[in-house]
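Enquirer: Structure below; questions to follow.
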Amino acid sequence: MRISIRRILAGKAIALFAIQILCQQTAMAEEETQKTKALADRVRGNVNSQPLRFPNQHWVRGAYYAGLMAMYESTSDRA
437 MRISIRRILA GKAIALFAIQ ILCQQTAMAE EETQKTKALA DRVRGNVNSQ
487 PLRFPNQHWV RGAYYAGLMA MYESTSDRA
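This is the structure in structure tokens:
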């Protein structure tokens, strides 16, 4: 069974098109990741610069630390 050159070229064209789309999506995802990390760093800096106005066992502080740990686990950044 012989495969025609047209089919081979069509398959390669489809593969190259798919690779191009996937590379663009990866670059866009990386850009979004950097934006999210920059925002998280701004929030961390703001929260850490303000003195506590309530006891540290307050649920808001717990939610903040849960988010901080989630960001650390996803980025491995010691900021």
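Heads up: the sequence shown runs through residues 437 to 515, numbered per the numbering used here.
Heads up, the beta-carbon is just placed ideally off N, CA and C, and yes, glycines get one too.
Since the structure is predicted, the reported quantities are computational estimates derived from the model, not experimental observations.
(1) Report, in whole angstroms, the separation of the C-beta atoms of R478 and L504, which I expect to be a contact under 8 angstroms.
(2) Which first and last residues belong to the alpha helix (DSSP H) in which S510 is found?
(3) Measure the beta-carbon distance from M507 to A476 and round it to whole angstroms, keeping in mind my assumption that it falls under 8 angstroms.
Expert: Here's the rundown:
(1) That pair is no contact at about 13 angstroms.
(2) W495 to T511
(3) 5 angstroms
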